[in-house]
Every structure is written in structure tokens, then in C-alpha cells.
Amino acid sequence: MKSVTQMLAEKKYVAIFDGLCSSAALAIMPLVERAGIPFVVANASATSIAERSGVGGNKWTFKVNPTDASMLDALVGWLDKEGKAGNIAFLGEDSDFGRAGSTGLENALKKRNLKLAAVDFFQKGNADFTPVLTKIKARKPGLLALYAVDADFQNAIRQWYGLGGGVPLTGRVLVDQVPKEIMESGFLDGTTSVQPYDPSVDTPGNKAFVEAFRKLHNVPPILVSFESYEAMKVLIDAIRRAGKADPAAIRDALATTKMPSMLGTVIDFDDHNLAHNNAIILTIKGGKVVVLGMSKT
Amino acid sequence: MFGQHSRWGAELAAAEANAKGGVLGRKVEIDFRTIAAIPRKR
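Protein chains in written order, with my numbering: chain A, 762 to 1058; chain B, 15 to 56.
Written as C-alpha cells, this is what we have:
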């Protein structure tokens, strides 16, 4: 926090812009509130950032990217429309990450008078997923939401593959971490996942963004490139509308943002200073990730 | 990669605004600072 404290003490900035992890963003929030400087969150995804902002909370923090919870709401909304939200089993790491996944799914399902068919947790570093996966498979869920990362994700996927799978995955599936031979085998075909962004989104705005980004860096944009691009545009738009480089005026302008997104919505902030853009619904087809469509967060 | 791509996205938005004359008659400037941490998850 030393660098942010220094920046605030220098009193020459009109806003602080986040390209951070959630714990750092949460730690900065009280600092910007005391200093009276707008804080635009582009990349940190914790739901608690929005819960602590806006009405009854930090009036200087504005979250442009979706929260973990709003992403799951977009996914469940999509699955519900497809008639696939009624029989989801959950298996997640027994940690803040896994618990946030189960709570987010439960809340999104509850809004639609549904609930998780089963909930199981595993300890981080678990070597043997076979018993719990066998138990889940026997229950015959329609989908399995798997919340695992790193070595646990690799182990769980390999052991699920060994068991023959048979239940499509859902949730925030880390498709880029699936072992190549498993992905290409088509084993995970039918998986439905959600991401805030995919470079293949077919809108004029995204095509122009991807082209400009590639021209500069010779690589396509990834999620955080997109999030920072749109969040910076939101901040610049607010500075322009504020009419002066004054933090309080910029904060007030941020609160009345109405800016078109390249994902087809208009970005504005709710009572908790959280924007609700479209999320990208992805599936796996023939061993490849394909965009199915978009769903509002 | 996380920080680099985040920076590139923000820089592109600022560059586009500056190509159109900037904001309030001035160029948009971003002062990037780094923190010494590599998060495992966002």
C-alpha cells in the first residue's frame, strides 16, 4: 500500500485506477475514501468490493468489471433459459475461492427458485478425487460446477477423465488449464462456462479493439486488457463530463456514467457503484472453446 | 502477464483519447506504479 499512500499524499492525481488483485483493491478502498479520490476498479473481481461501495459504503469506489457473484448470475441466467439450471452439483476447494463459488451459485439459483443439487468441498492439495467424483456421478446431476485451481484442477480433471466423466462441467471452468490431450479428445464437450470477455466476440467495437491491440503488441488482448481498456474509457469519459480535473466532480460524473460497451450494453453503475455489462458464455465443442452468446451480469 | 496486459489496455484507451485531442484541453497521462506481489487468483 506504500505506493498508493505516496500517490495520494502527492495530491496531483485525479483518480486511482486498479490493475490489481482483490485483496490489494480492498486495502486501497479506505485510503481513497479518506483522501477523497475516485478509485476505478478494472480487474479485481471480489464481490465484497461492490458490497462495500456506493449506498451505505465507500462512495469513491466504482467497479467496472463484474464481480464473481454477478458473473455467476449471468451464467445461471443463461443455463436457466436453456432449462439446465435445475440439477447442478458443486465440487469446490474448501477456501474463500470455493466458498464464494458455491455461495454465488446458490444465490443466483435462489433468485430463480432453484438450488444446488449437491455441494461437496475438498481440502487444497487433495490427491484423490475419485471417491467424491464417483459419489457425484452416482447422483446423476445435469451439470457439475468444479471450483479448483492449479494442481487440484489438474488432478480433478485427470481423475474425472479416468472415471469417464459423463456430466458436463459448468461454473468458472479454467478451460486454458485443461490438459491438451483431454481438451482435444472432446471429453469436455458440452461444458458451459462464463468469462467477462473473449477476443472472438463479434461486435464492431471489439473487432476494432482487437485489431488496434494486435497492431501494437502482436498478441490478442486477454481478459484484463479488455477490462482495463473499457474501465479507462469510463474514467476518461467521466473526466470529460466533469468539466474540470477535480476529484469530487469526477466522482459525481462517474456516478452518472452511461457509456456504450463493446460488448453491446450501456455501462452504468447501480446503487453499489457496480456496472452490469454482458458476460460471455462459452462452451466446448469438438475439443475447442466456442462463444455461445452473451448474458447480462 | 496480468499487469502487462492490464497496462496495455489502459494505455490504448488513453492513446485513443489523446489522438482525439485529449481531455479538457490536456493529454491523458497515466502514472503506473507496481506492487511487489503476484496474486495467485484475482
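For every residue, glycine included, the Cβ atom is placed at its ideal position computed from N, Cα and C. Since the structure is predicted, the reported quantities are computational estimates derived from the model, not experimental observations.
Residue i in three-state terms, based on DSSP
i, result
"G1082 of chain A", "The requested residue 1082 of chain A is not part of the displayed model; chain A covers only 762 to 1058."
"T1044 of chain A", "strand"
"L877 of chain A", "coil"
"S20 of chain B", "helix"
"F46 of chain B", "coil"
"F987 of chain A", "helix"
"I1062 of chain A", "With chain A running from 762 to 1058 in the structure shown, residue 1062 of chain A is simply not present."
"T828 of chain A", "coil"
"V802 of chain A", "strand"
"G853 of chain A", "strand"
"F948 of chain A", "coil"
Under 7 Å by beta carbon: chain A residues contacting residue i
i, result
"A27 of chain B", "Y990, M993, K994, I997"
Proximal residues of chain B, C-beta to C-beta of residue i below 7 Å
i, result
"S1022 of chain A", "Going along chain B, no residue has its Cβ under 7 Å from S1022 of chain A, so there is no contact; the nearest lies around 13 Å."
"M768 of chain A", "R47"
"H978 of chain A", "W22"
Inter-residue CB distance, residue i and residue j (contact presumed, cutoff 8 Å)
i, j, result
"M762 of chain A", "I789 of chain A", "7 Å"
"T952 of chain A", "I1045 of chain A", "5 Å"
"G853 of chain A", "F882 of chain A", "6 Å"
Where residue i meets chain B, residues with beta-carbon distance less than 9 Å
i, result
"R1001 of chain A", "A31, V37, L38"
"H1033 of chain A", "Here the premise fails: no neighbours, minimum Cβ distance about 19 Å."
"S863 of chain A", "Chain B residues near S863 of chain A: none, gap ~16 Å exceeds 9 Å."
"A1006 of chain A", "V37, L38, R40"
Per-residue contacts from residue i into chain D (C-beta, under 8 Å)
i, result
"P982 of chain A", "Protein chains A and B are contained in the structure displayed, whereas chain D is not."
Neighbouring residues, chain B, relative to residue i (Cβ below 8 Å)
i, result
"F974 of chain A", "W22, G23, L26"
"V955 of chain A", "Chain B residues near V955 of chain A: none, gap ~14 Å exceeds 8 Å."
"F778 of chain A", "A24, I44"
"S961 of chain A", "Those within 8 Å of S961 of chain A in chain B number zero; the least Cβ separation is about 17 Å."
Across the segment 20-34 of chain B and the segment 956-968 of chain A, are there enough close Cβ pairs to call them in contact, namely three or more that are closer than 8 Å? no
Below 8 Å, can you find three or more Cβ-Cβ pairs linking the segment 843-854 of chain A to the segment 824-832 of chain A? Segments in contact, no.
For the segment 883-932 of chain A, which segments carrying the alpha helix (DSSP H) assignment without a break, of at least 4 residues, lie completely within its bounds, in sequence order? Those alpha helix (DSSP H) runs which fall completely within the segment 883-932 of chain A and span 4+ residues are 891-899, 911-923.
Would you check if there are 3 or more beta carbon pairs closer than 8 Å linking the segment 897-906 of chain A to the segment 925-937 of chain A? Yes, they touch.
Are there three or more Cβ pairs, one per stretch, closer than 8 Å when the segment 775-784 of chain A is compared with the segment 795-802 of chain A? yes
If you pair each beta-carbon of the segment 934-942 of chain A with each one of the segment 863-872 of chain A, do three or more pairs fall below 8 Å? no
Could you say if the segment 1047-1056 of chain A and the segment 976-993 of chain A meet the contact criterion of at least three C-beta pairs nearer than 8 Å? no
Ignoring anything shorter than 4 residues or poking outside the segment 995-1049 of chain A, list the alpha helix (DSSP H) runs there in chain order. 1008-1016
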